[in-house]
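In our numbering, the protein residues as written are 23 to 383.
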């Protein structure tokens, strides 16, 4: 049986060896980071070292990093902000942001200011990079006569793959997750600019500088920090430029003999690893299952929604009809992806696409 090929890095990246080693070492640390004795101080050093590593990757100050259980928890800060502000969410944003959208409410429609705009820097399904709007007078333009005071960026798919600096982004907040970088699942971060007043994400003992209570997950955090440092090195070393070349090979091979295939965002500025494409009418979940049986792991939509049998909300927001939005699949590559892997995938996919066309004719 042929070896399986993993082509779903946007869902989760394989655990990096650097992260695995850091986590194994952290498991031997007994202390609670909140304790003042020697063992507690040792645990605290692990947390603060990881905080520095993540801050260096994101381009912010270490004290602007708040560790959470993941990007979804970090995004829940919008629920707190919604108590006093209207939330406007980008149409193509991830569901973790979209569930907090209140742009249809009277508060969002009638308010001139006092808004929070939440958006993804890079879309998980299409890879399309959308730079935030330029602020006008310290506020973010959202349309005719409408402005947001605060900007929250979802940089989960972007950091470590494309250059980014929170310091120059202008955003008040950002969210990210370790497992997209090759860190462990179940740990992420909320980045909050100095001077930004927010309520705690979780209330309790006052950990994480009073902004997220609960004993820190030092094993997960240590792996997060190690993955962040390794991701920074990869970006500096041009690893993702090589990934972009492999994607180019993939898309060329997919298009060969399949001229009716639609590549979403092909001419847009995209992440170097992401290819979203559709053969109109051929259901995405069917393709995913068939490719899985053939030994290839890919997705239909984001990992948080691909288990639901429905058209992509993101592609529908981009103007695609159900025949395309329900037929799109995503291949997302990583540093471990090889030219031979994508060529074999493309060959198998073309064969199955030809069978679909023959049945549909």
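Even for Gly, the Cβ is constructed at its ideal location relative to N, Cα and C. Treat the numbers as computed from the prediction; the structure is a model and nothing was measured.
Continuous beta strand (DSSP E) stretch holding residue 79: start and end: Working through the chain shown from its first residue, we reach residue 79 at position 57. Premise fails: residue 79 lies in the alpha helix (DSSP H), 60 to 80, not in any beta strand (DSSP E).
Please name the residue in 258, 281, 118 and 202 whose C-alpha comes closest to that of residue 100. On the chain shown, residue 100 is found 78 positions in, with the first residue counted as 1. Taking only the C-alpha atoms, the option nearest residue 100 is 118.
I'd like to check one pair, residue 38 with residue 204: are the Cβ atoms closer than 8 Å? Position 182 of the chain shown, counted from the start, is the residue given in the question as residue 204. Position 16 of the chain shown, counted from the start, is the residue given in the question as residue 38. In this structure, residue 38 lies closer than 8 Å to residue 204 by Cβ.
Under DSSP, the beta strand (DSSP E) around residue 164 begins and ends at which residues? The sequence position of residue 164 within the chain shown is 142, counting from 1. It spans 162 to 165 - the beta strand (DSSP E) in which residue 164 sits, taken as one unbroken run.
Would residue 76 and residue 350 be called neighbours here (beta carbons separated by less than 8 Å)? Translated into the one-based positions of the chain shown, residue 76 becomes position 54. Translated into the one-based positions of the chain shown, residue 350 becomes position 328. Not a contact, by the Cβ cut-off of 8 Å.
Less than 8 Å separating the beta-carbons of residue 288 and residue 367? Along the chain shown, one-based indexing puts residue 288 at 266. Along the chain shown, one-based indexing puts residue 367 at 345. No. Outside cutoff.
Only counting the same chain, and skipping five residues up and downstream in sequence, which positions put a Cβ closer than 6 Å to that of residue 370? The residue you call residue 370 lines up with position 348 of the chain shown. Correct list, in chain order: 316.
Would you kindly work out how many angstroms separate the C-alpha atoms of residue 68 and residue 188, rounded to a whole number? Reading the chain shown from its first residue, position 46 is the one you call residue 68. Reading the chain shown from its first residue, position 166 is the one you call residue 188. The alpha-carbon atoms of residue 68 and residue 188 are separated by roughly 23 Å.
Looking only at C-alpha atoms, which of 383, 215, 356 and 29 sits nearest to residue 304? Position 282 of the chain shown, counted from the start, is the residue given in the question as residue 304. The candidate whose alpha carbon is nearest that of residue 304 is 383.
For residue 141, three-class secondary structure by DSSP: Along the chain shown, one-based indexing puts residue 141 at 119. Reduced to three states, the DSSP call for residue 141 is strand.
Taking the runs of the beta strand (DSSP E) that are 3 residues or longer, which of them lie wholly in the region 275 to 362? 284 to 286, 296 to 300 and 350 to 354
Assuming residue 211 contacts residue 35 under a Cβ cut-off of 8 Å, what Cβ separation, rounded to an integer in Å, is found between them? Indexing the chain shown from 1 puts residue 211 at position 189. Indexing the chain shown from 1 puts residue 35 at position 13. Not a contact, Cβ separation roughly 16 Å.
Suppose the cutoff is 6 Å on Cβ atoms and the five residues either side in sequence are ignored; what does the same chain contact list for residue 47 look like? Start at 1 with the first residue of the chain shown, and residue 47 comes out as number 25. So the list is empty, once near-sequence residues are dropped.
Separation of residue 111 from residue 341, as counted between CA atoms: Stepping through the chain shown from its first residue, residue 341 is reached at position 319. Stepping through the chain shown from its first residue, residue 111 is reached at position 89. The alpha-carbon atoms of residue 341 and residue 111 are separated by roughly 17 Å.
Look at the Cβ atom of residue 237, then the Cβ atom of residue 54, and state whether they are nearer than 8 Å. Position 215 of the chain shown holds residue 237. Position 32 of the chain shown holds residue 54. Their beta carbons are under 8 Å apart, which means residue 237 touches residue 54 by this criterion.
Closest by C-alpha distance to residue 216, when choosing among 229, 194 and 223: Start at 1 with the first residue of the chain shown, and residue 216 comes out as number 194. Selected option, being the one with the closest Cα: 194.
Neighbourhood of residue 150 by C-beta distance below 6 Å, restricted to the same chain and skipping five residues each side: For the purposes of this step, residue 150 is identified with residue 128 of the chain shown, where counting begins at 1. The answer, listed in chain order, is 287, 290 and 292.
Apart from the five residues on each side of it in sequence, which residues of its chain come closer than 7 Å, Cβ to Cβ, to residue 173? Sequence index remark: in the chain shown, residue 173 carries index 151 (1-based). Same-chain partners within the cutoff: 139, 154, 162, 192, 193 and 194.
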